[in-house]
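Following: one structure in structure tokens, then a few remarks.
There are 2 protein chains.
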Amino acid sequence: MTKRKVLLAQGGGPTAVINESLVGAVLKSREYDDIDAVYGAFHGVSGIVSEDFINLSLESSENLENVAKTPCSALGSTRDKPDEKYCQEIFKVLKAHDIGTFCYIGGNDSSDTLRILAEEAISADYALRCVHIPKTIDNDLTVNDHTPGYPSAAKFVASAFAGVNQDNRALSGVYIGVVMGRHAGFLTAASALGRKFDDDGPHLIYLPERSFSMDSFISDVKAANDKYGRCVVAVSEGIHDETGEPIVTKLAKEVEKDAHGNVQLSGTGALADLLCDSVRDGTGLKRVRGDTFGYLQRSFLGCVSDVDQREARAVGEVAAAHAHDGDRDGTVTIHRTGEGASYGTEYKLSKLEDVAGKTKVMADEFIADSNSDITDAFVTYLKPLLGSDMPDTHRLEAGRVEKILAE
Amino acid sequence: MTKRKVLLAQGGGPTAVINESLVGAVLKSREYDDIDAVYGAFHGVSGIVSEDFINLSLESSENLENVAKTPCSALGSTRDKPDEKYCQEIFKVLKAHDIGTFCYIGGNDSSDTLRILAEEAISADYALRCVHIPKTIDNDLTVNDHTPGYPSAAKFVASAFAGVNQDNRALSGVYIGVVMGRHAGFLTAASALGRKFDDDGPHLIYLPERSFSMDSFISDVKAANDKYGRCVVAVSEGIHDETGEPIVTKLAKEVEKDAHGNVQLSGTGALADLLCDSVRDGTGLKRVRGDTFGYLQRSFLGCVSDVDQREARAVGEVAAAHAHDGDRDGTVTIHRTGEGASYGTEYKLSKLEDVAGKTKVMADEFIADSNSDITDAFVTYLKPLLGSDMPDTHRLEAGRVEKILAE
């Protein structure tokens, strides 16, 4: 048997640790004598068709370690989803370069791309080992306990809300922060991990797992503001009415869709502005502010969970090992082996079709009955993922001075 | 002479290190035997009128050190600006509690509040030592080389742009990030410190020190996109046309103003969305995304410059020392004593009226002739302020694989 090559690529939205997985797969693959070279394709499957490869066998370990610590797909990404003809183009290039293994780092769209490719390879009688390496800040891959990229993004969201809660305490008003998450509310729910004291925000959390009612929202905000003298709200960009129509498209002038048919939700402040206007009109409250966390959530330099870094590295290594030693295609999945201080994970090779194109949403046990908060079970679930250095907030504790003039 | 009390308060927008200054002033004041107690007023001058005090002499040093590391005014803040009657109310309370010293941590509005209070105290024949402690993420205080709070916010902005530049490399398009800064562009300019490689964004930077032309903006974006195949833009929220009218008010439905007469610029995504729409319409480019960094810039938990922390602590200490040992009111100012590796600062007591209510903007030498970038002189100015642990980005370096199929 001739030595063949391993090809790696990255698809979909970047994460803070996606390059850990890349580097894990590169370094592991380089351990095997019977692998001719490790290539990377630029911009996912689109870079295969255009023969746009880099020889990762020639990268120094030192530089690879530096790249691992850099956020966002070092190889670039794509939203392309290949059809049969696209697959034929891919096989032509893979054959020319004698590539026998393809590991694709991505979310549910990228895993579906790999499923299609694996099926077409069989039809085309092209010997190709396909292994999917999970990543997504949305945490919405089935089978997995959680997905690399999510813990770091969750740490960003929790840190952001811990901070804006302090800001809102200093200068009170209503604050609405819009968080990424089309169908799954995991990232929005992470806002709750920014709380420490009983009256800390976010006081309200709205997830795409539940229908959003503008009337309930306004009365919730009013009630929270009456109680706390201020109100911090976390809202998922994917909130929708009871018919499933996203709240943001109710006012969007034109709707932009990607190759996977997804409506554009990020990169616009429209939802936050709409919600702020509704609160102002509906409550009469004056100081109402809205922020859309946007692309910072998945790319911010310097906010990363060390647990996430290690796990992202591991899934890359495990994928390379399965690709080399295993006898079937699949997707590497993460499974939790312990809670709290005993937190741990193990990695398995699951079937591509069990993950590909599917979406996991938050379990009912993670969502409070009020539909505007999360449960303690969710805090228990997320806490160990945030890593060892999640910062903390503190308050002045000394008592108030007795008033002399006022009665 | 009877022992009198020291009163501390915080005004205006919070920063990541404003509590370092508070704690510096508390701990320094507690060193003096002839000070009866150190009080804090909640929500700035408004907490004086309402006699809402905390006895900071009773706080443990341990908790004070924890609070120092927590972002955003631990005492709360206010945008109130007292008139003569308001000042009389203040003196009534100060007299009742035998307060002889007032140190107010804030920006140019808060320093103006202190100037008014100091003048009214003389008219009212109330013996009050007034010392202003500088803070503002806008970096717009006169006399000062820079102001506490700015370096940490600048680190946030630089880290954010370093990240979104990576994101934009992975999935190309036009990205517009709107940064805080009404009149001064220092914080927006900090985006340039996120660059490392020649083709890194932000490729365009628009500051409120220059008039903004929508036509030039669109042709600049088009040119950058033609050159780099993508375009990252940093824009100050305060950009305005040649008449001085803010670009954002050109489409705002209603304009909100604070007690100082400032139009609301933050807490809305309107400017980013307007600019994105203009780029789409003007260039025909499809993937155009806009984020407004919002309140995260000044409050994000865990993004802080250690240089900023130390300097914020120092201005609090120096203010307390001047208040105790000095013979005049004033504002503590920061002066640079060396550049690069020799970077250092010294602190002086300057006149309140030299800083109060005044605004410093970026010097011409910091702004490129193109009006859409900053100069190397600005990079030299800002770099030492970002502290010892500003993270870095790295790229894959190995060469491209020679194409076999494509000619």
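Protein chains in written order, with numbering that gives the first Met the number 0: chain A, 0 to 406; chain B, 0 to 406. Every residue gets a Cβ at the ideal spot worked out from N, C-alpha and C, and that includes glycine. All values derive from a computational prediction rather than experimental measurement.
Within chain A, partners of residue i - CB distance below 7 Å
i	result
B/E19	Simply none; closest approach about 13 Å.
B/G343	None at all; the shortest Cβ gap to chain A is about 25 Å.
B/A8	Result: empty, since nearest Cβ-Cβ is about 12 Å, beyond 7 Å.
B/D272	T267, G268, A269
B/R3	The premise fails here: B/R3 is roughly 15 Å from chain A at the closest Cβ pair, so nothing lies under 7 Å.
B/N62	H393, E396
C-alpha distance - residue i paired with residue j, whole-angstrom precision
i	j	result
B/T242	B/G75	36 Å
B/P390	B/K2	49 Å
A/K154	B/L93	44 Å
B/A233	B/V177	6 Å
A/M0	A/T69	Interpretation of A/M0 is limited by its pLDDT of 49, a score under 50 that renders its predicted location unreliable; the figure taken from the coordinates is listed afterwards. Distance between the alpha carbons of A/M0 and A/T69 is about 37 Å.
A/G268	B/G289	8 Å
A/E83	A/L116	8 Å
A/G339	A/N143	18 Å
B/F52	A/V400	5 Å
A/E64	A/Y346	22 Å
B/G180	B/Y205	11 Å
A/I89	B/V287	29 Å
A/K226	A/S110	46 Å
A/V354	A/G329	9 Å
A/D214	A/N224	15 Å
A/H96	A/V16	29 Å
B/D307	B/G315	12 Å
B/S72	B/H145	20 Å
A/D219	A/E58	55 Å
B/L7	B/R78	16 Å
A/K285	A/G172	8 Å
B/K80	B/E118	14 Å
B/E19	B/A397	46 Å
A/Y38	B/G162	25 Å
A/L170	B/D139	21 Å
A/G10	A/L351	16 Å
A/A222	A/D372	14 Å
B/Y31	B/H131	19 Å
Amino acids of chain B, ordered along the chain, whose beta-carbon sits closer than 8 Å to that of residue i
i	result
A/I53	L395, A397, G398, R399, V400
Limits of the unbroken beta strand (DSSP E) element including residue i
i	result
A/R288	287-291
A/N54	52-54
B/C302	Where B/C302 is concerned, there is no enclosing beta strand (DSSP E), given that its DSSP letter is neither H nor E.
A/Y174	173-178
A/C71	Where A/C71 is concerned, there is no enclosing beta strand (DSSP E), given that its DSSP letter is neither H nor E.
A/T330	329-337
B/K132	Correcting the residue identity first, residue 132 of chain B is Ile in this sequence and not Lys. Taken as a continuous stretch (DSSP letters only), the beta strand (DSSP E) holding B/I132 covers 128-133.
A/Y346	343-349
B/I47	First-last for B/I47: 43-48, but that is the alpha helix (DSSP H), not the beta strand (DSSP E).
B/A40	34-40
beta-carbon residue i near the ligand HEM non-hydrogen atom, thresh 6 Å
i	result
B/G237	Questions concerning the ligand HEM fall outside what the structure shown contains, since it holds no ligand whatsoever.
Neighbouring residues, chain B, relative to residue i (Cβ below 7 Å)
i	result
A/H96	I403
A/V92	L404
A/A169	P13, C71, S72, G75, S76
A/F299	S158, A159, G162
A/P390	L300, G301
Amino acids of chain B, ordered along the chain, whose beta-carbon sits closer than 9 Å to that of residue i
i	result
A/E58	L395, E396, A397
Element boundaries [alpha helix (DSSP H), containing residue i]
i	result
B/I121	107-122
A/I89	83-95
B/L21	17-28
B/Y149	149-169
- prompt: Between the region 150-167 of chain B and chain A, which residues of the former have a C-beta closer than 9 Å to a C-beta of the latter?
  reply: K154, F155, A157, S158, A159, F160, A161, G162, V163, N164, Q165, D166, N167
query: Can you find at least 3 beta carbon pairs, one from the region 124-133 of chain B and one from the region 98-105 of chain B, that sit closer than 8 Å?
result: yes
- prompt: Along the region 31-53 of chain A, what residues have a CB closer than 9 Å to any CB found in chain B?
  reply: A36, Y38, G39, F41, H42, S49, E50, D51, F52, I53
query: Hey, is the region 161-172 of chain A in contact with the region 372-388 of chain A, meaning 3+ C-beta pairs nearer than 8 Å?
result: no
message: With three or more beta-carbon pairs closer than 8 Å as the criterion, would you say the region 305-325 of chain B touches the region 275-295 of chain B?
response: no
- prompt: What residues in the region 66-86 of chain B have a beta carbon less than 8 Å from any beta carbon of chain A?
  reply: V66, K68, T69, P70, C71, S72, A73, L74, G75, S76, T77, R78
- prompt: Would you call the region 319-335 of chain B and the region 207-216 of chain B in contact, with 3 or more CB pairs under 8 Å?
  reply: no
message: If contact is defined by three or more beta carbon pairs under 8 Å, each pair taking one atom from either stretch, is the region 25-39 of chain A in contact with the region 356-365 of chain B?
response: no
message: Within 8 Å, do at least three Cβ pairs link the region 41-50 of chain A to the region 334-351 of chain A?
response: no
query: What residues in the region 191-218 of chain A have a beta carbon less than 8 Å from any beta carbon of chain B?
result: G193
- prompt: Taking any Cβ of chain B, which residues in the region 126-145 of chain A have a Cβ under 8 Å from it, in chain order?
  reply: none
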